[in-house]
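**Q** Just passing along the structure, written as structure tokens.
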Amino acid sequence: MKVPVIVKIAGLTLGATAFYTWVGQLVPQKEVQPPKVVEIAQDVSTDQMVKIGDQIFHGKGLCSTCHVIGGGGAALRFPDLDGVAVRAGKRVPGLTQLQYFAQTLYRPNAYIVPGFNPGMPEIDKPPVGLTDDEIKAVIAFLQTQGGKATITMGTVLPYSKEANGAGPEEMGGDKAADGGSNGAAPAASGGDDA
Amino acid sequence: MSGKRIVLALIVAAIGLVTLVEGARWLDRTFAFRSPLETPAGVEQQPPTPREQALAAKAEHEREEAQKKPYKEAEYRAFPVIGSRTAIWIVAQVKLLFAAFVLAVPMFALIIEFIGFRTKDVRYDRLAYEFVSLLSPAFALTAAFGGVLTFMLIILYPKFTNYLMSVFSPTFLPYVLLLFAEAAFFYTYYYSWGKVGKKTHLFLGVMLNLVGTGIMFIANAWLTFMMTPNGISENGAVLSVWEAVHNYTWMPINIHRMIANLAYGGSIAGAYAAYQFLSAKTPEERAHYDWMGYVANFVAIAGLLPLPFAGYWLASEIYAFSQTMGLTMMGGAFSWLFIIQAILIGCLFLAANYYLWMGMGRVDPEHRKRALIPLLLGVITLGFMVWATPRNPITTPAETAALGGAAHPILGFFGVMSAKNTSVNITILATFVSFILYRRSGKTPRVGWAKVGSAVQVVILLLAATIVISLGVIGYRVEAQVRIGLSVPQVLSVLFAMLLVTFLDVLMLRGAGSAKIHWGRMPERSQYVLIFLAVTFTWLMGLMGYVRSGLRQHWHVYGVIRDTSPGAFTPTLGYATKVVSVCVLLFFAQIGFVFWLASLNHRKKSEPYGEIAEEGGGDGDEGSALPSSSSPAPEAAP
């Protein structure tokens with residue numbers, strides 16, 4: 081029996097479509113949900129902040145989309161954050177580790193690490209839009225990359241809403257948030273943990 | 184009329200009248216609204232029972248509460264079963280497929296008509312007319328889907344649609360006027376074919392294309408604004424409508440869509456020709472539709488080759504707007520989508536080359552240039568394999584441990600952009616060589632410098648390949664910002680080589696001797712390849728439409744208007760591919776209907792076509808790319 085042309089064409093169309101659909105089932109299947117606001121109690125410990133910051137870093141904050149931690153020396157689009165706690169206090173003269181972290185999250189284009197292009201979004205604004213508390217948790221996590229977390233929920237970060245967007249200078253220079261890169265206690269400006 | 188009959192008529196009329204009255208009363212009793220508190224007719228009024236009083240009080244309370252209900256504008260409304268997002272997705276995608284088709288066909292129909300005008304070959308004119316005849320029903324379906332999409336947006340996403348309308352309301356009037364102009368130019372272009380002067384007719388075609396392009400540009404402004412918003416404040420207030428239109432991705436999308444529409448429209452027209460070829464009753468019909476399929480495929484491949492370069496531009500603008508969005512695309516949630524894309528494009532290139540190689544069978548065996556086909560097949564297959572290799576394969580923890588990391592120690596090198604850019608450029612070059620070989624089949628250059636010219640062509644192609652591969656290797660050893668920049672000289676070297684080789688080929692084949700081309704002498708499987716190409720192009724359009732739109736993730740307008748509907752999540756790629764397939768099948772079911780309608784129009788008009796032979800002394804490039812002889816050979820194709 082001769083199969084009508086139209087049936088053959090329909091079969092080919094269905095077959096090709098089914099093949100591509102099948103290919104689509106072979107790749108990793110991940111459903112990406114919209115990020116949820118992370119409620120952080122004001123009395124959480126610094127260790128708890130590190131854990132929350134780790135989750136935000138690899139989730140809502142989208143940090144791991146661009147940054148790696150321990151890239152093994154491979155060519156990167158954005159800096160490897162392995163050991164960043166040590167480097168942060170020395171990157172920009174006049175900025176402490178905590179101030180540098182705050183600047184790089186709230187005002188990422190204020191300083192670009194040599195060898196890289198600008199590209200980091202202002203993390204407190206859409207599309208990422210982390211809250212001040214979430215940013216503190218991320219900084220706590222970053223402080224553990226080669227150092228020890230010292231930030232607390234009471235620390236007032238430069239550029240944050242609590243600081244009315246003021247940078248370290250406007251906040252009084254060294255009186256601004258200062259976690260230090262050596263594990264010293266933060267000297268917050270206006271915070272209750274100084 | 185006798186008295187008896189009059190009496191009988193009166194009786195019948197009386198019975199009819201009674202029946203009518205009783206019927207009306209029955210309808211009134213059965214279906215008319217009755218308040219539960221109303222006393223039925225004929226029943227003596229009784230004082231209400233306590234239950235009836237309670238019911239009346241309850242009804243009154245509900246009525247009062249209903250009156251107090253405040254008006255609240257709906258943010259979203261649900262679509263049954265599949266959800267609002269998927270419903271809009273399907274309608275928008277099918278509409279876009281039709282819109283792309285109706286924008287593309289006038290472009291190449293006009294070019295073909297112009298070739299016919301210049302060469303005085305009436306067959307080009309007929310071919311252009313046949314292409315355009317596919318448009319009439321397709322236009323109606325595009326408009327219908329456009330209407331459905333608009334209503335569905337207003338119903339399902341009223342708040343967001345209202346916002347988009349508030350931003351772009353100044354563009355609506357020009358859009359509507361252009362739609363009217365497009366309808367006017369299209370129908371005038373179609374129905375005045377052969378009835379007005381050729382120059383006037385060509386002018387109508389030019390206007391149709393300009394108006395169609397204008398419509399696309401306006402619609403592109405709306406969708407690119409959602410992706411890369413511009414001209415608004417942080418909270419979405421409009422600052423400049425022009426800046427909202429002229430956002431980061433507007434012009435790259437305009438250009439990318441124009442080229443992609445051409446490739447896609449060519450492939451769909453090729454599928455039509457293939458369907459007609461396979462249904463042909465006479466050798467003349469086979470010859471005609473073989474030629475039509477060849478022309479359509481030529482258009483599709485001509486569009487496909489520069490498409491990746493337009494894609495680079497679009498991607499670079501996405502990165503320029505937001506590195507986060509760019510990295511989400513290439514390294515985040517959508518990175519595996521590009522492996523699926525690689526499979527599709529690999530299939531496209533393999534199928535397109537296969538069709539070209541089979542096309543050499545149209546000339547007699549001694550004129551075929553098939554020696555390089557195994558090499559080309561090897562190069563394209565290798566390019567396909569590299570392009571489809573992921574950086575990090577899907578592995579179990581044990582396999583990852585055995586590999587010593589997420590990436591394979593050797594194959595992992597093929598998963599990065601340096602390898603991908605290199606492979607796609609080499610694949611494009613190989614396809615171009617296939618086309619040149621097809622073009623050369625049956626041709627005998629008569630210029631004295633033909634051997635030197637051919638050698639120079641080979642050197643140019645090898646040089647381009649060497650540049651592409653060398654820069655690809657260098658890309659592994661340099662910093663990211665340098666590596667990204669290397670793709671530009673890779674692309675330019677390929678483009679330059681293609682232009683230069685084509686230029687030399689045109690000069691060399693000027694006045695060349697030409698063997699007969701037996702149009703219609705193609706195996707049936709070649710026509711199924713054309714249909715496969717059309718399905719693959721359509722599927723690719725659907726997939727890339729998804730990634731462009733999906734990149735916004737949980738934003739209606741990226742970073743400004745957040746999507747808070749239940750469909751705000753980014754679905755799995757498996758789900759996305761199923762939706763794309765549904766769109767493709769819906770489209771083909773309807774375009775099949777369009778083909779059938781068009782075939783009704785043309786089948787009876789088919790004229791003896793015979794065999795088209797290319798004679799020497801043609802007038803240049805188009806003479807060899809498209810048959811240009813005006814003296815069909817007597818014997819029919821087998």
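Those sequence lines, one after another, are chains A and B.
Using my numbering, the first residue of the first sequence is number 81, and each one after it goes up by one.
Using my numbering, the first residue of the second sequence is number 184, and each one after it goes up by one.
For glycine and all other residues, C-beta sits at the position ideal for the given N, C-alpha and C.
Who are the Cβ neighbours of B/Trp376 in its own chain at under 6 angstroms, not counting the five residues just before and after it?
**A** Translated into positions along the second sequence, residue 376 of chain B becomes position 193. Tyr312, listed in sequence order.
**Q** Applying a beta-carbon distance threshold of less than 8 angstroms, which residues of chain A neighbour B/Gly742?
**A** As a working note, residue 742 of chain B is residue 559 in the second sequence. Those within 8 angstroms of B/Gly742 in chain A are Lys205, Pro206 and Pro207.
**Q** Could you list the residues in the region 86-105 of chain A with a C-beta less than 7 angstroms from some C-beta on chain B, going in chain order?
**A** Those residues of the region 86-105 of chain A that come within reach of chain B (Cβ to Cβ, closer than 7 angstroms) are Ile89, Leu92, Thr93, Ala96, Thr97, Tyr100, Thr101, Val103, Gly104 and Gln105.
**Q** Under 8 angstroms by Cβ, that's how I've got B/Trp738 and B/Arg731 pegged, so tell me the actual separation to the nearest angstrom.
**A** For the purposes of this step, residue 738 of chain B is taken as residue 555 along the second sequence, with counting starting at 1. For the purposes of this step, residue 731 of chain B is taken as residue 548 along the second sequence, with counting starting at 1. Between B/Arg731 and B/Trp738 the Cβ distance is about 13 angstroms, and since that is not below 8 angstroms, they are no contact.
**Q** Checking contacts by CB at 9 angstroms: is A/Val83 closer than that to chain B?
**A** Mapped onto the first sequence, residue 83 of chain A falls at position 3. By this cut-off, A/Val83 is not an interface position.
**Q** Using the Cα positions of B/Met705 and B/Leu646, report the straight-line distance between them to the nearest angstrom.
**A** If you number the second sequence from 1, residue 705 of chain B lands on position 522. If you number the second sequence from 1, residue 646 of chain B lands on position 463. Whole-angstrom Cα-Cα distance: 35 angstroms.
**Q** Could you check whether the Cβ of A/Lys241 sits closer than 9 angstroms to any Cβ belonging to chain B?
**A** Mapped onto the first sequence, residue 241 of chain A falls at position 161. False, the Cβ-Cβ gap to chain B never drops below 9 angstroms.
**Q** Go ahead and label B/Tyr472 buried or exposed: buried means 16 or more other beta carbons lie within 10 angstroms of its beta carbon, across all protein chains shown.
**A** Along the second sequence, one-based indexing puts residue 472 of chain B at 289. So B/Tyr472 counts as buried.
**Q** What does A/Lys110 reach in chain B if we use C-beta pairs closer than 9 angstroms?
**A** For the purposes of this step, residue 110 of chain A is taken as the residue at position 30 of the first sequence. What A/Lys110 touches in chain B: Ala516, Trp519, Thr753, Thr755 and Leu756.
**Q** For B/Ser505, is the classification buried or exposed, using 16 other Cβ atoms within 10 angstroms of its Cβ as the cut-off for buried?
**A** Start at 1 with the first residue of the second sequence, and residue 505 of chain B comes out as number 322. Flag for B/Ser505 reads buried.
**Q** Residues of chain B with CB under 7 angstroms from A/Leu210, in chain order?
**A** The residue given as residue 210 of chain A occupies position 130 in the first sequence. Per Cβ cutoff of 7 angstroms: no residues; A/Leu210 is ~13 angstroms from chain B at best.
**Q** Which ranges would you report for the alpha helix (DSSP H) in the region 117-203 of chain A if only whole runs of at least 4 residues count?
**A** As far as the region 117-203 of chain A is concerned, its whole alpha helix (DSSP H) runs of at least 4 residues are 126-138, 143-146, 164-171 and 177-186.
**Q** Buried or exposed, going by whether 16 or more other CB atoms sit within 10 Å of the CB of B/Val190?
**A** Numbered from its first residue, the second sequence carries residue 190 of chain B at position 7. The residue is exposed, with fewer than 16 neighbouring Cβ atoms inside 10 Å.
**Q** Looking at the secondary structure, which residues open and close the beta strand (DSSP E) in which B/Val173 lies?
**A** The requested residue 173 of chain B is not part of the displayed model; chain B covers only 184 to 821.
**Q** Going by DSSP in three states, B/Arg309 sits in which element: helix, strand or coil?
**A** Numbered from its first residue, the second sequence carries residue 309 of chain B at position 126. Helix, per DSSP.
**Q** Going by C-alpha to C-alpha distance, which of B/Ser462, B/Pro231, B/Val765 and B/Leu687 sits closest to A/Val83?
**A** Taking the first sequence and counting its residues from 1, one reaches residue 83 of chain A at position 3. Looking at the Cα atoms, B/Ser462 is the closest of the given residues.
**Q** On a CA-only basis, which of B/Phe720, B/Gly299, B/Met568 and B/Arg309 is nearest B/Gly595? Give me that one, please.
**A** By 1-based counting over the second sequence, the position of residue 595 of chain B is 412. Measuring from the Cα of B/Gly595, the nearest candidate turns out to be B/Met568.
**Q** Kindly say whether B/His739, judged by its beta-carbon, lies nearer than 9 angstroms to any beta-carbon of chain A.
**A** Sequence index remark: in the second sequence, residue 739 of chain B carries index 556 (1-based). Chain A contact via Cβ: absent.
**Q** Would the beta-carbon of B/Tyr741 fall within 9 angstroms of that of A/Leu92?
**A** Locating residue 741 of chain B in the second sequence gives position 558, where the first residue counts as 1. Locating residue 92 of chain A in the first sequence gives position 12, where the first residue counts as 1. Not closer than 9 angstroms, so no.
**Q** In three-state terms, what does DSSP make of B/Val421?
**A** Translated into positions along the second sequence, residue 421 of chain B becomes position 238. B/Val421 falls in the strand class under three-state DSSP.
**Q** With three or more C-beta pairs closer than 8 angstroms as the rule, is the region 672-684 of chain B touching the region 433-453 of chain B?
**A** Taking 8 angstroms as the limit for Cβ pairs, the verdict is that the region 672-684 of chain B does not touch the region 433-453 of chain B.
**Q** Pick out the complete alpha helix (DSSP H) segments inside the region 731-791 of chain B, 4 residues or longer, and give them in chain order.
**A** With a minimum length of 4 residues, the continuous alpha helix (DSSP H) runs that stay inside the region 731-791 of chain B are 756-786.
**Q** Whose C-beta lies closer than 6 angstroms to the C-beta of B/Pro791 among residues of the same chain, with five residues either side of it excluded?
**A** Along the second sequence, one-based indexing puts residue 791 of chain B at 608. In this predicted model, B/Pro791 has a pLDDT of only 41, less than 50, meaning its place in the structure is not dependable enough to derive any value.
**Q** For a cutoff of 9 angstroms on Cβ pairs, would you count B/Ser653 as touching chain A?
**A** Here the question's residue 653 of chain B lines up with position 470 in the second sequence. No, its Cβ sits nowhere closer than 9 angstroms to a Cβ of chain A.
**Q** Does at least one heavy atom of the ligand COA sit under 8 angstroms from the Cβ of A/Val172?
**A** Within the structure as shown, the ligand COA is missing, as the structure has no ligands at all.
**Q** Answer with buried or exposed for A/Met81, where buried requires no fewer than 16 other C-beta atoms within 10 angstroms of its C-beta.
**A** Counted from its first residue, the first sequence places residue 81 of chain A at position 1. It counts as exposed.
**Q** Give the residues of chain B in contact with A/Leu142, contact being defined as C-beta atoms less than 7 angstroms apart.
**A** Position 62 of the first sequence, counted from the start, is the residue given in the question as residue 142 of chain A. By Cβ distance, chain B contributes Thr507.
**Q** Please report whether the beta-carbon of B/Ser789 lies at a distance below 9 angstroms from any beta-carbon of chain A.
**A** Locating residue 789 of chain B in the second sequence gives position 606, where the first residue counts as 1. In this prediction, B/Ser789 has a pLDDT of 47, which is less than 50 and means its spatial position is unreliable; what the coordinates show is noted afterwards. So no, B/Ser789 is outside the interface.
**Q** Quick check: B/Val288 and B/Phe328, are their CB atoms within less than 9 angstroms of each other?
**A** Your numbering for residue 288 of chain B matches position 105 in the second sequence. Your numbering for residue 328 of chain B matches position 145 in the second sequence. In this structure, B/Phe328 does not lie closer than 9 angstroms to B/Val288 by Cβ.
**Q** Could you tell me whether any Cβ in chain B is nearer than 9 angstroms to the Cβ of A/Phe137?
**A** Residue mapping note: residue 137 of chain A aligns to position 57 of the first sequence, counting from 1. No - not a single Cβ of chain B is within 9 angstroms of the one on A/Phe137.
**Q** Considering A/Ala229, what are the terminal residues of the alpha helix (DSSP H) in which it resides?
**A** Here residue 229 of chain A is taken as the residue at index 149 of the first sequence, counted from 1. That residue, A/Ala229, is in no alpha helix (DSSP H); it is neither H nor E in DSSP.
**Q** With a threshold of 6 angstroms on Cβ separation, who are the neighbours of B/Gly658 within its own chain once the five nearest residues in sequence on each side are excluded?
**A** The residue you call residue 658 of chain B lines up with position 475 of the second sequence. Around B/Gly658: Ser601, Arg666 and Leu669.
**Q** Run through DSSP, which three-state label would B/Lys699 get?
**A** Taking the first residue of the second sequence as 1, we reach residue 699 of chain B at position 516. It is a strand residue.
**Q** So, with DSSP's three-state summary, where would you put A/Gly91?
**A** Along the first sequence, read from residue 1 onward, the residue named residue 91 of chain A stands at position 11. Residue state, collapsed to three classes: helix.
**Q** So A/Thr184 contacts chain B; which residues on that side make the cut at Cβ distance below 8 angstroms?
**A** Counting from 1 along the first sequence, the entry for residue 184 of chain A is found at position 104. Under the 8 angstroms cutoff, chain B gives no residues; its nearest Cβ is about 14 angstroms from A/Thr184.
**Q** How about A/Val218 and A/Leu185: do their beta carbons lie closer than 9 angstroms?
**A** Walking along the first sequence from the start, residue 218 of chain A turns up at place 138. Walking along the first sequence from the start, residue 185 of chain A turns up at place 105. For A/Val218 and A/Leu185, yes; Cβs fall inside 9 angstroms.
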